[in-house]
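A.B. asks:
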Amino acid sequence: MSRLATMLTARRGRLARDWTDWASLAYLLLGVLVMFLPVVWLFASSLKTDQALNAFPPTLLPWQPAQVAVPGHAGTLPLMRVTAGRFAGERLAELRHIGLVAQLLDPARPGPVLHIPVRDLKPVLHLHASWSNFTDLVRRFNFLGYFWNSVLITTLATLITLLINSMAAFALSKYRFAGRDAVFGLMLATLMVPPTIVLVPNFLIAARLDLVNSLWGVIWPGVATPTGVFLLRQYMLTIPDDLIEAARMDNASEWRIYWRIVLPLSTPALGVLAIFSVMWRWNDFLWPMVVLNRSSAFTLPLALFSFQGDLQTQWHYLLAMTVLTLLPVTVIFLFLQRSITQGIASAGVK
Amino acid sequence: MLRLQGVGKSYGTVSVMRDVTFDVAAGEFIVFVGPSGCGKSTLLRMICGLETVTTGRIEIDGKLANDTPAASRGLALVFQSYALYPHMTVRQNMAFGLENLRTPKAEIEQRVAEAARMLRLENLLARRPTQLSGGQRQRVAIGRAIVREPRIFLFDEPLSNLDAELRVEMRAEIAQLHRRLATTMIYVTHDQVEAMTMADRIVVLRSGEVEQVGAPLDLYNNPANRFVAGFIGSPRMNFLDGRVTASAGGWTTIEVAGVGAIRARGMLPVGSQASIGIRPEHVQPAPGETTGAAVNLLRGQAASIEQLGASSFVRLASPALNLQIQGQTQVRFGDEIAIFLPPDRLHLFDAEGVIAPSGE
Amino acid sequence: MNLLEAPMRLAQKHLRGGRIGWVFVTPNLSVFGLFTFLPIVIDLIYAVTGGNQLFPAQRPYVGTANFQALLACRNYLDPNTCTRDLFWHGIYNTAEFVVLQVGFMVGLSLATALALNRPGRARGFFRAVFFYPVLLSPVVVALIWKWVLQRYGVLNAGLGALGLAPHDWLLNSSTAFFWSVFVSIWAHMGFYTLILLAGLQAIPRDVYEAAAMDATPPWRRFRRVTLPLLMPSLLVVLVLALIRAVQIFDEVYVLTGGGPGTSTTFLVQFIYQTGFAQQVREYGMAAAASLLLAAVLMALTVLQLRVTRPRK
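This is the structure we're talking about:
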């Protein structure tokens, strides 16, 4: 507890404590609520049955009316707690209620039927995580198919992006050739042409190349990124030219210099670009929506989007699928939090 | 082995290297020396194939090599920065070149082991360059060159990143390596001590031109011009400027303002500008009391004295002259002393700084 | 990758000097050519042709008719009097969105960065929490908030507990617009906070210590020391946020579908709907609108390059 106190009241170094420290702490705690509660709420809700989701006011945990099996009765009966009267405190199974009076049985000793006013009864609640929300996604919907599409697109696109962007960056940072500056200028100019602007023509080109409804149609248009080329070029400029000449003296071919010397030494910049690319691809929405219109080719965000139209009333599936979509990103973030935030801060691009 | 003929280089209209011509014999240790910016590194890189040659010919083993790619020249270069691959271990650094040549694994293994033994790197093979000291990195850089069994070793200021003590040690080690491998080596340095101690022959360069080529003592004893005379030898040679008053029979007399007449070997036209040079170790204290009228005798006031124990340096003001005295000296600051410049130790240069012809 | 080594060796044999560099830039350059430069040309062709054929050769030339149709209005202050009223709704909504979203987001990012720029063991945790939504897919972001904001959602339950009336947040024009702005700030703020935090951490400590020695009060310390030194990062953040806000689409489209009515329909949604989501796809109209958007973005990008240059 005292550790928590010192942690929360940490001051800005040796400078005197003032009201700004308290204000910023309050602000940050409020921020955590706003930023994080909706996500927590999503996770909690995704474990509820459809029935529990409809309860209002909602509860954080997946409370569920308990059921009990009674000998001599088919299926299960709801379990009730008696709050007043002769049987106060007892837990009984409800057979049915007629008007304001319910007929109940003792589940352990099913003897005579007891008659108790409804107002003296409360349903017994127990925690019940509805994992079937998740398993049904796999059994009844093509979740694994969408997941696989997303994984495939993200992986292939990222690998190709890393390869061709680093090749271009290598040439632009380590060779002198006529037209080099023009090429670099041209690549920077593509910064001005975000995908939203070339949506229509890219659809034409994808159609011409027979890429509509193909994963490659999603992958190709975005693999050459000006951001990636720029980032990698800046990094490669810091690799001493001596190393490249040493490799050249060592009989390495130009490809081998790139592959065995420059690429391994650019790992930090490649890591940052890989994080960006995974983020872009996993979350990409508008272009996949244009180029993929057969449901079997959908990525996770597309599937989610079309589900929210089709399954409007089946929130339990929608929420479970949302959780499964953000889970991989969340897990990666948990492990790579430091390098991701530092990498993005250093690159200053998105 | 290696022949340079009229080699020159220019960037557009700017010429950085002109008419470099000399031969290197097999097994020789050649040192390129000169002040920074003289083009010695550029010349080395032209030999390597890392820089293009604008004019002239570079021949290796009698074959024109101007357009041969760096890798195919059979040379190995040790970089000033060592240029070790930071992401590879010492073993991988040394093996990389051989792997590129698709040398069989067993042979790579054997050659790396041999080089490691020769350079005492056996215990460091699994380390990365960042885990090594400066001297160890230097040895790895040399090892990387050795395993390739090159026809010529090229060194580009390899010791400039080491501290003074290590430098002396590595100097000896490279010299020993040369004796053992008996391979041709070309070594670039700006340090004339390195040049003097290591070279079979020295090539002195200044602003892209060869000033003189010769054995170390040859350059020391018979510098071809004032630049070489001043660059080779430590402490630096003294120079006195004057005008030729007489020149006959292989001897010339010049009049130095404020000092008097000085006689030296060589022939120059009477009335022309000239200078004489003498090394501090050749300046002698004049025996006993002498008068200023005598030849090559002069007087000066001690402006500073450095006692090193085994030898001493005295600096005279007007004329500005340094003299090195064996052992310790009794001279004190401000003392006026008489000195003698032995005529056969004097070097006579004409107005352009070229050594005067002997006239014989 | 040794697959690529043999052809590259061959290329190297035939290309002297640095010209091998062309081989290395070719893959990247081809993709740029095919999916960025060629599309701009096609955009221009589409913009001056009509009909609903996808292939340019089959489209009749219409001159500036598409632009004229887009820009025709009887009263420019009232989108409903325009021939393409959805386009003008998109423009007005986007303009309003950009001003509100960028203004509040940059302000909040700055506040968050300032709050985070204090030593403390929990700093990494706070930073991670604020950054986390940046990584989420816009569809996920929209669904999270849709779930929170629905009629029987947790927000209305919370208001109920405080004795306040519930709302249909996304079914009312003004609240739907508010939540569009809010959700997009929620999703992107962490990124800008991170850049500003990096900028703050680049300010040398001793400047603050000097200010403390001069007994500078906190507000003055912020105005006269922090803010001027942070200005370069702040400008970068401002321009990047502008470029992105002008292109707002994904999360709002999933959250509200552009509604209710046209109250949250933005420019990119107009392009998407006109080009892809209508019965009759009007590629020419969509391309013309794209080019108008491109003009705005180009101006902003020039601004971005100007702003980022002095940092080097």
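One line per chain: the protein sequences are R, P and E, in this order. The C-terminal position of the first sequence is numbered 541 in this note's numbering, with every residue numbered one higher than the one before it. The C-terminal position of the second sequence is numbered 976 in this note's numbering, with every residue numbered one higher than the one before it. The C-terminal position of the third sequence is numbered 361 in this note's numbering, with every residue numbered one higher than the one before it. Positions of the beta carbon are idealized from the N, C-alpha and C atoms, including for glycine. Remember, it's a predicted structure, so these values are computed and weren't measured experimentally.
1) Would you be able to state if there are at least three C-beta pairs under 8 Å between the segment 300 to 309 of chain R and the segment 271 to 282 of chain R?
2) Chain E beta carbons: is any one of them nearer than 9 Å to that of residue 480 (chain R)?
3) Going along chain B in order, which residues have a C-beta closer than 7 Å to the C-beta of residue 218 (chain R)?
4) Go ahead and label residue 884 (chain P) buried or exposed: buried means 16 or more other beta carbons lie within 10 angstroms of its beta carbon, across all protein chains shown.
5) Is there a Cβ of chain R sitting closer than 9 Å to that of residue 759 (chain P), yes or no?
6) Quick one: what does DSSP say residue 883 (chain P) is sitting in, helix, strand or coil?
7) Kindly give me the distance between the Cβ atoms of residue 855 (chain P) and residue 808 (chain P), rounded to whole angstroms, as I take these residues to be in contact under 8 Å.
8) Going along the chain, which unbroken runs of the alpha helix (DSSP H) with 4 or more residues stay wholly within the segment 311 to 376 of chain R?
9) Does the beta carbon of residue 188 (chain E) sit closer than 9 Å to a beta carbon anywhere in chain R?
10) Whose Cβ in chain R lies nearer than 8 Å to the Cβ of residue 317 (chain E)?
11) Looking at the secondary structure, which residues open and close the beta strand (DSSP E) in which residue 966 (chain P) lies?
12) Go through its chain and collect everything with a Cβ distance to residue 112 (chain E)'s Cβ below 8 Å, but skip five positions before and after it.
13) Quick check on the burial criterion: 16 or more other C-beta atoms within 10 angstroms. Buried or exposed for residue 195 (chain E)?
14) So, with DSSP's three-state summary, where would you put residue 271 (chain R)?
15) Do we get a CB-CB distance below 9 Å when we pair residue 908 (chain P) with the residues of chain R?
16) Would you identify the three-state DSSP class for residue 893 (chain P), choosing helix, strand or coil?
17) Which residue marks the beginning of the beta strand (DSSP E) containing residue 640 (chain P), and which one marks its end?
18) Would residue 270 (chain R) and residue 314 (chain R) qualify as a contact pair, given that the criterion is a beta-carbon distance under 9 Å?
19) For residue 414 (chain R), which three-state DSSP category applies?
20) Please go through the same chain and pick out, in chain order, the residues whose beta-carbon is closer than 7 Å to the beta-carbon of residue 300 (chain E), but skip the five residues on each side of it.
21) Given that residue 298 (chain E) touches chain R, what residues does it touch there, using C-beta distances under 9 Å?
22) Compile a chain-ordered list of the residues in the segment 434 to 458 of chain R whose CB is closer than 7 Å to at least one CB of chain P.
23) Taking residue 701 (chain P) as the query, report the chain R residues whose CB atoms sit under 7 Å from its CB, ordered along the chain.
24) With DSSP as the reference, identify every bridge partner of residue 574 (chain P), one or two as the case may be.
25) What is the DSSP secondary structure of residue 419 (chain R), counted as helix, strand or coil?
26) Any beta carbon from chain R within less than 9 Å of residue 885 (chain P)'s own beta carbon?
27) Keeping to the same chain, check which residues put their C-beta closer than 6 Å to that of residue 724 (chain P); ignore five residues upstream and five downstream.
28) List, in chain order, every chain P residue whose beta-carbon is nearer than 9 Å to that of residue 249 (chain R).
29) Sorted by chain position, which residues of the same chain lie with C-beta nearer than 8 Å to residue 701 (chain P)'s C-beta, five sequence neighbours on each side aside?
30) In chain R, what lies closer than 7 Å to residue 716 (chain P) by C-beta?
31) Mind checking which residues open and close the alpha helix (DSSP H) that includes residue 916 (chain P)?
32) Which residues of chain R have a Cβ atom closer than 7 Å to the Cβ of residue 71 (chain E), listed in chain order?
33) Looking at residue 769 (chain P): is its Cβ nearer than 9 Å to the Cβ of residue 800 (chain P)?
34) From what residue to what residue does the beta strand (DSSP E) around residue 769 (chain P) run?
35) If you draw a straight line from the alpha carbon of residue 908 (chain P) to that of residue 891 (chain P), how long is it in whole angstroms?
36) Are the segment 163 to 178 of chain E and the segment 241 to 259 of chain E touching by the rule of at least three beta carbon pairs closer than 8 Å?
C.D. replies: Based on what the coordinates show:
1) With the cut-off at 8 Å, the segment 271 to 282 of chain R and the segment 300 to 309 of chain R touch.
2) Locating residue 480 (chain R) in the first sequence gives position 289, counting from the first residue. Yes, residue 480 (chain R) counts as interfacial toward chain E.
3) In the structure shown, chain B does not exist; the protein chains are R, P and E.
4) Here residue 884 (chain P) corresponds to residue number 268 of the second sequence, with the count starting at 1. Buried.
5) Here the question's residue 759 (chain P) lines up with position 143 in the second sequence. Residue 759 (chain P) does not count as touching chain R.
6) Start at 1 with the first residue of the second sequence, and residue 883 (chain P) comes out as number 267. Reduced to three states, the DSSP call for residue 883 (chain P) is coil.
7) Reading the second sequence from its first residue, position 239 is the one you call residue 855 (chain P). Reading the second sequence from its first residue, position 192 is the one you call residue 808 (chain P). Residue 855 (chain P) to residue 808 (chain P), Cβ: 17 Å. No contact.
8) At a cut-off of 4 residues, the continuous stretches assigned as alpha helix (DSSP H) that sit fully inside the segment 311 to 376 of chain R are 323 to 331, 334 to 365.
9) Here the question's residue 188 (chain E) lines up with position 139 in the third sequence. It does; some Cβ of chain R falls within 9 Å.
10) Here residue 317 (chain E) is taken as the residue at index 268 of the third sequence, counted from 1. Neighbours of residue 317 (chain E) on chain R, chain order: 387, 477.
11) Within the second sequence, residue 966 (chain P) is the residue found at index 350, counting from 1. Looking at the DSSP string, the run of the beta strand (DSSP E) that includes residue 966 (chain P) is 963 to 966.
12) To locate residue 112 (chain E), count along the third sequence from 1; it is residue 63. Closer than 8 Å at Cβ, skipping near neighbours: 97.
13) As a first step, residue 195 (chain E) must be located in the third sequence, where it is residue number 146. Residue burial is scored here from C-beta neighbours: residue 195 (chain E) has at least 16 other C-beta atoms within 10 angstroms and is therefore classed as buried.
14) Locating residue 271 (chain R) in the first sequence gives position 80, where the first residue counts as 1. Reduced to three states, the DSSP call for residue 271 (chain R) is strand.
15) In the second sequence, the residue the question calls residue 908 (chain P) occupies position 292. Here residue 908 (chain P) scores only 48 on pLDDT, less than 50, and its place in the model is too uncertain to base an answer on.
16) As a first step, residue 893 (chain P) is located in the second sequence; it is residue number 277 there, counting from the start. Residue 893 (chain P) carries a strand assignment under DSSP once its states are collapsed to helix, strand and coil.
17) Residue numbering aside, residue 640 (chain P) sits at position 24 when the second sequence is read from its first letter. Looking at the DSSP string, the run of the beta strand (DSSP E) that includes residue 640 (chain P) is 630 to 640.
18) On the first sequence, position 79 is the one that residue 270 (chain R) refers to. On the first sequence, position 123 is the one that residue 314 (chain R) refers to. In terms of Cβ geometry, residue 270 (chain R) and residue 314 (chain R) form a close pair [threshold 9 Å].
19) One-based indexing of the first sequence puts residue 414 (chain R) at position 223. Collapsing the DSSP output to three states places residue 414 (chain R) in coil.
20) For the purposes of this step, residue 300 (chain E) is taken as residue 251 along the third sequence, with counting starting at 1. The beta carbon of residue 300 (chain E) lies closer than 7 Å to those of 187, 190, 191, 232, 233, 236 in the same chain, with the five residues before and after it left out.
21) Position 249 of the third sequence, counting from 1, holds the residue named residue 298 (chain E). For residue 298 (chain E), the chain R residues whose C-beta falls within less than 9 Å of its own C-beta are 387, 476, 477, listed in chain order.
22) The residues in question are 434, 436, 437, 439, 440, 441, 442, 443, 447, 452, 455, 456.
23) Indexing the second sequence from 1 puts residue 701 (chain P) at position 85. For residue 701 (chain P), the chain R residues whose C-beta falls within less than 7 Å of its own C-beta are 434, 452, listed in chain order.
24) Because chain P in this structure spans residues 617 to 976, residue 574 (chain P) falls outside the shown range and cannot be described.
25) Position 228 of the first sequence, counting from 1, holds the residue named residue 419 (chain R). Three-state DSSP puts residue 419 (chain R) in a helix.
26) Taking the first residue of the second sequence as position 1, residue 885 (chain P) is located at position 269. The beta carbon of residue 885 (chain P) does not come within 9 Å of any beta carbon belonging to chain R, so the residue lies off that interface.
27) Numbered from 1 along the second sequence, position 108 holds the residue referred to as residue 724 (chain P). Result list for residue 724 (chain P): 711, 714, in chain order.
28) Counted from its first residue, the first sequence places residue 249 (chain R) at position 58. Within chain P, no C-beta atom comes nearer than 9 Å to that of residue 249 (chain R); the closest sits roughly 54 Å away.
29) Sequence index remark: in the second sequence, residue 701 (chain P) carries index 85 (1-based). Same-chain partners within the cutoff: 708, 709, 712, 745.
30) On the second sequence, position 100 is the one that residue 716 (chain P) refers to. By Cβ distance, chain R contributes 441, 442, 443, 447.
31) By 1-based counting over the second sequence, the position of residue 916 (chain P) is 300. Secondary structure note for residue 916 (chain P): it is in no alpha helix (DSSP H), and the uninterrupted beta strand (DSSP E) holding it is 913 to 923.
32) For the purposes of this step, residue 71 (chain E) is identified with residue 22 of the third sequence, where counting begins at 1. By Cβ distance, chain R contributes 368.
33) The residue you call residue 769 (chain P) lines up with position 153 of the second sequence. The residue you call residue 800 (chain P) lines up with position 184 of the second sequence. Contact: yes.
34) Here residue 769 (chain P) corresponds to residue number 153 of the second sequence, with the count starting at 1. In the DSSP assignment, residue 769 (chain P) falls within the unbroken beta strand (DSSP E) covering 768 to 772.
35) In the second sequence, the residue the question calls residue 908 (chain P) occupies position 292. In the second sequence, the residue the question calls residue 891 (chain P) occupies position 275. At residue 908 (chain P), the pLDDT of 48 sits below 50, so the modelled position is not reliable; the number obtained from the coordinates is stated separately. Looking at the two C-alpha atoms, the distance is approximately 20 Å.
36) Under the three-pair Cβ rule at 8 Å, the segment 163 to 178 of chain E counts as touching the segment 241 to 259 of chain E.
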